[in-house]
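Going line by line, the protein sequences match chains H and E.
Start counting the first sequence at 1; every next residue gets the next number (full-length UniProt numbering).
Start counting the second sequence at 1; every next residue gets the next number (full-length UniProt numbering).
For glycine and all other residues, C-beta sits at the position ideal for the given N, C-alpha and C.
Protein chains: 2
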Amino acid sequence: MNGFSQLEGLRGHPSVVRVIGHRGARGVMPENTLEGFAFTLAAGVRALEFDVVMTADGVPVVTHNHHLANAMTRDGQGHWLTGAERQVAEMTYAEIRALDVGGLDGRTVYGRRFPDQAFLTGIHVPRLGELLDLCAGYGDQAPYLLLELKSDPALMHDHAARAEMVAAVLADVRRYRMEPRTVMHSFDWALLGECRRQAPDLPTSYLSQLPENADDPGEDSAKPVGPDYDRMTESLPQAVASAGGQLWCPYFLDVTPELVAEAHDLGLIVLTWTVNEPEDIRRMATTGVDGIVTDYPGRTQRILIDMGLSWT
Amino acid sequence: MNGFSQLEGLRGHPSVVRVIGHRGARGVMPENTLEGFAFTLAAGVRALEFDVVMTADGVPVVTHNHHLANAMTRDGQGHWLTGAERQVAEMTYAEIRALDVGGLDGRTVYGRRFPDQAFLTGIHVPRLGELLDLCAGYGDQAPYLLLELKSDPALMHDHAARAEMVAAVLADVRRYRMEPRTVMHSFDWALLGECRRQAPDLPTSYLSQLPENADDPGEDSAKPVGPDYDRMTESLPQAVASAGGQLWCPYFLDVTPELVAEAHDLGLIVLTWTVNEPEDIRRMATTGVDGIVTDYPGRTQRILIDMGLSWT
């Protein structure tokens with residue numbers, strides 16, 4: 001159905017299920033950091049998923065939440081941030097870069113979710129450009145990228161601001177010539193339309209999570225920016241195909257083999273997230289999905305091999 | 001008691017318990033590989049433990065067993081080795097280097113012990129020199145090294161062969177100027193005497209495991225080369241001090257706070273191995289040991305922080 005080169009490393013085969021490192025490899029190394037991405041690639045993973053938010057001075061940075069989470073942020077003196085969490089959109093990149101995101105606070109619910117994650121010091125929130133530069137350095141071994149745009153719920157009706165975010169992100173992607181590997185990925189389906197308008201050469205990936213499934217503790221909810229599932233008259237795969245997407249990325253509890261087959265019939269690639277427990281990884285690998293987004297890529301590789309599968 | 005610079009990064013303090021990466025970080029990356037050691041250092045670990053065995057052509061190589069374990073060795077075509085395991089001492093380094101030690105076979109008991117370990121392809125057994133070169137590249141941030149000499153049970157009475165092994169290893173250490181960071185470490189207490197004769201400037205570390213504790217599955221036993229614990233008339237710390245050691249490295253099930261205190265009174269540093277389960281890590285950190293050798297350094301860092309401790 002489509003000839004996008006970006007999809008070659010993301011499409012599964014009968015014996016291949018892709019492994020996509022979630023924010024790098026959040027189970028092992030600090031999320032959304034250059035150090036974590038470098039480890040993930042060194043661990044043999046060929047695709048990365050990460051999140052992009054805009055700073056007050058218009059710099060696309062790699063971080064998940066609109067507010068810098070106290071559970072993973074220390075000041076320049078090594079003290080955990082406390083009180084109301086600061087909003088990325090209200091800080092300059094220089095202010096953000098002075099903070100340390102190399103470790104998790106084990107006293108928090110979020111910190112306890114990843115008890116094996118290494119604790120580093122002096123690690124900054126990367127600019128998107130730094131990550132793209134790192135990836136471009138791998139040459140023809142550069143990873144495939146699921147670049148998730150985190151759209152600001154406060155700006156859902158500000159078309160100019162949204163178009164500006166897309167333009168700034170695309171400028172970085174083109175500056176580092178990472179178009180051949182990059183997929184634009186979002187819960188905000190309308191924003192993916194803007195991506196296609198500005199960059200018809202880049203495929204788009206539609207994230208979904210049915211409303212009955214709970215948000216993960218310590219993380220921004222996707223509900224305010226996602227589609228209205230209750231008013232959808234088509235199946236999710238049909239809705240993604242109608243919208244013009246090439247990938248459908250459902251939450252793993254929403255996946256059934258029937259929906260995956262339907263998506264494949266529509267020409268879509270299906271990647272599911274965030275799959276961390278061994279029994280869930282095994283179950284997802286039997287549904288026919290093209291790939292698995294995981295915080296534990298080593299574990300996922302090993303389970304796939306045990307099942308007679310591979311990720312490359 | 002002693003002024004060895006090599007011990008600065010291994011001695012604990014009231015708020016410091018050292019974290020030593022076991023064969024790199026065996027829980028996360030393939031053991032005793034350059035890729036695994038590089039990850040361990042990137043994860044903020046400042047001390048590495050690894051094993052050295054001699055090839056037929058006299059090259060010190062970094063691997064644990066005298067026989068290359070089928071559970072972690074593939075041939076150049078990617079097929080698992082089968083049948084009788086090949087002895088390192090009977091292979092040239094060129095033969096060994098052609099093999100791939102980047103992954104574990106999940107069908108084996110040994111492979112199942114480390115289900116999260118990344119699976120890489122095209123990874124060779126490193127020469128000791130390659131590892132020392134990697135470490136020396138960190139300059140004044142070079143890690144402290146517990147260089148474990150694996151003495152061949154078949155050569156226990158061949159003094160010339162044993163002295164030659166020590167000489168070859170020391171030549172590598174001096175070639176890369178890693179003496180200021182290197183500790184000679186072995187279950188073979190007699191061999192450590194030979195190390196001190198050839199290199200009085202390097203401290204020696206005495207490994208012990210009481211005979212009632214079982215060997216780990218899939219690994220060479222230390223029993224044939226270790227001391228005769230039943231005939232020992234002193235406590236283990238006394239025996240190490242009498243032998244001239246600076247470090248005592250007991251198996252973690254053999255550790256008591258009383259023995260640690262006795263060792264400290266004798267001027268010894270105590271590092272315990274291989275401590276992987278959270279409850280064991282917590283318990284060891286309360287015994288007063290100077291450091292913990294672990295396959296899971298990230299987990300160990302996090303537990304220490306939760307206890308109000310640090311590893312640097």
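Test: residue i CB closer than 8 Å to a CB of chain E
{"i": "Tyr296(H)", "result": "yes"}
{"i": "Ile292(H)", "result": "no"}
{"i": "Leu247(H)", "result": "no"}
{"i": "Phe119(H)", "result": "yes"}
{"i": "Gly106(H)", "result": "yes"}
{"i": "Met29(H)", "result": "yes"}
{"i": "Gly137(H)", "result": "no"}
{"i": "Phe252(H)", "result": "no"}
{"i": "Phe39(H)", "result": "yes"}
C-beta atoms of residue i and residue j nearer than 8 Å
{"i": "Val17(E)", "j": "Thr294(E)", "result": "no"}
{"i": "Ala136(H)", "j": "Arg177(H)", "result": "yes"}
{"i": "Tyr144(E)", "j": "Leu41(E)", "result": "no"}
{"i": "Arg302(E)", "j": "Phe37(H)", "result": "no"}
{"i": "Val61(E)", "j": "Ile96(E)", "result": "yes"}
{"i": "Leu202(H)", "j": "Glu234(H)", "result": "no"}
{"i": "Ala241(H)", "j": "Leu266(H)", "result": "yes"}
{"i": "Met284(E)", "j": "Phe252(E)", "result": "yes"}
{"i": "Thr82(E)", "j": "Asp100(E)", "result": "no"}
{"i": "Tyr206(E)", "j": "Leu192(E)", "result": "yes"}
{"i": "Asp152(E)", "j": "His79(E)", "result": "no"}
{"i": "Leu259(H)", "j": "Tyr229(H)", "result": "no"}
{"i": "Val225(H)", "j": "Asp280(H)", "result": "no"}
{"i": "Val28(E)", "j": "Asp105(E)", "result": "no"}
{"i": "Gly3(E)", "j": "Arg46(E)", "result": "no"}
{"i": "Leu309(H)", "j": "Ser15(H)", "result": "yes"}
{"i": "Gln198(H)", "j": "Ala239(H)", "result": "no"}
{"i": "Gly245(E)", "j": "Thr204(E)", "result": "yes"}
Pick from the options that is closest to residue i, judged by C-alpha positions
{"i": "Val169(E)", "options": "Tyr206(E), Glu130(E), Tyr251(E) and His157(E)", "result": "Glu130(E)"}
{"i": "Val24(E)", "options": "Leu304(E), Arg283(E) and Tyr296(E)", "result": "A small fix is needed here, since residue 24(E) is Gly in this sequence, not Val. Ranking the options by Cα distance to Gly24(E), first place goes to Tyr296(E)."}
{"i": "Leu247(H)", "options": "Pro237(H), Asp140(H) and Val255(H)", "result": "Pro237(H)"}
{"i": "Leu132(H)", "options": "Trp311(H), Glu262(H), Ala84(H) and Leu48(H)", "result": "Leu48(H)"}
{"i": "Ala161(E)", "options": "Trp311(E), Met54(E) and Asn70(E)", "result": "Met54(E)"}
{"i": "Asn70(H)", "options": "Arg181(H), Asp230(H), Tyr110(H) and Ala163(H)", "result": "Tyr110(H)"}
{"i": "Gln6(H)", "options": "Ala261(H), Lys223(H) and Val173(H)", "result": "Val173(H)"}
{"i": "Arg74(H)", "options": "Ala98(H), Ala84(H) and Ala94(H)", "result": "Ala98(H)"}
{"i": "Val255(H)", "options": "Leu268(H), Asp230(H), Pro278(H) and Gly288(H)", "result": "Gly288(H)"}
{"i": "Arg181(H)", "options": "Leu146(H), Asp188(H), His157(H) and Ala199(H)", "result": "Leu146(H)"}
{"i": "Gln77(E)", "options": "Arg113(E), Ile123(E) and Ser221(E)", "result": "Ile123(E)"}
{"i": "Ala154(H)", "options": "Pro126(H), Glu8(H), Lys223(H) and Ala214(H)", "result": "Lys223(H)"}
{"i": "Arg112(E)", "options": "Val270(H), Pro257(H), Leu268(H) and Pro278(H)", "result": "Pro278(H)"}
{"i": "Met184(H)", "options": "Val52(H), Gly9(H), Ser15(H) and Val45(H)", "result": "Val52(H)"}
{"i": "Gly291(H)", "options": "Glu262(H), Asp216(H), Val166(H) and Cys249(H)", "result": "Cys249(H)"}
{"i": "Arg11(E)", "options": "Ile269(E), Ile305(E), Arg299(E) and Thr300(E)", "result": "Ile269(E)"}
{"i": "Met72(H)", "options": "Gly218(H), Asn276(H) and Met156(H)", "result": "Gly218(H)"}
{"i": "Leu128(E)", "options": "Lys150(E), His264(E) and Asn276(E)", "result": "Lys150(E)"}
{"i": "Gly58(E)", "options": "Leu68(E), Ala43(E) and Val88(E)", "result": "Val88(E)"}
Any C-beta of chain H under 8 Å from that of residue i
{"i": "Glu35(E)", "result": "yes"}
{"i": "Asp116(E)", "result": "yes"}
{"i": "Val19(E)", "result": "no"}
{"i": "Ser15(E)", "result": "no"}
{"i": "Ile305(E)", "result": "yes"}
{"i": "Gln301(E)", "result": "yes"}
{"i": "Phe4(E)", "result": "no"}
{"i": "Gly44(E)", "result": "yes"}
{"i": "Met1(E)", "result": "Model confidence at Met1(E) stands at a pLDDT of 43, short of 50, so the residue's coordinates are unreliable; what they give is reported in the following sentence. By this cut-off, Met1(E) is not an interface position."}
{"i": "Phe187(E)", "result": "no"}
Cβ-Cβ separation, residue j to residue i (assumed contact under 8 Å), whole Å
{"i": "Ala56(H)", "j": "Thr108(H)", "result": "The pair is not a contact, with the Cβ atoms about 26 Å apart (cut-off 8 Å)."}
{"i": "His22(H)", "j": "Thr274(H)", "result": "5 Å"}
{"i": "Ser186(E)", "j": "Glu148(E)", "result": "6 Å"}
{"i": "Glu35(E)", "j": "His64(E)", "result": "No, Glu35(E) and His64(E) are not in contact; Cβ-Cβ is about 16 Å, not under 8 Å."}
{"i": "Thr33(E)", "j": "Gly102(E)", "result": "7 Å"}
{"i": "Phe39(H)", "j": "Phe39(E)", "result": "6 Å"}
{"i": "Glu194(E)", "j": "Ala163(E)", "result": "6 Å"}
Going along the chain, which unbroken runs of the alpha helix (DSSP H) with 4 or more residues stay wholly within the region 79-158 of chain E? Listed in chain order, they are 93-97, 109-113 and 128-136.
3-residue-minimum beta strand (DSSP E) runs that sit fully inside the region 148-224 of chain H, ordered along the chain: As far as the region 148-224 of chain H is concerned, its whole beta strand (DSSP E) runs of at least 3 residues are 182-186 and 204-208.
Could I get the ranges of all uninterrupted beta strand (DSSP E) runs contained in the region 228-254 of chain H, with 3 residues as the minimum, in chain order? For the region 228-254 of chain H, whole beta strand (DSSP E) runs of length 3 or above, ordered along the chain, are 247-250.
Mind pulling the beta strand (DSSP E) runs of 3 or more residues that sit fully within the region 34-66 of chain E? For the beta strand (DSSP E) assignment, the uninterrupted runs of no fewer than 3 residues enclosed by the region 34-66 of chain E are, from N- to C-terminal side, 47-54 and 60-62.
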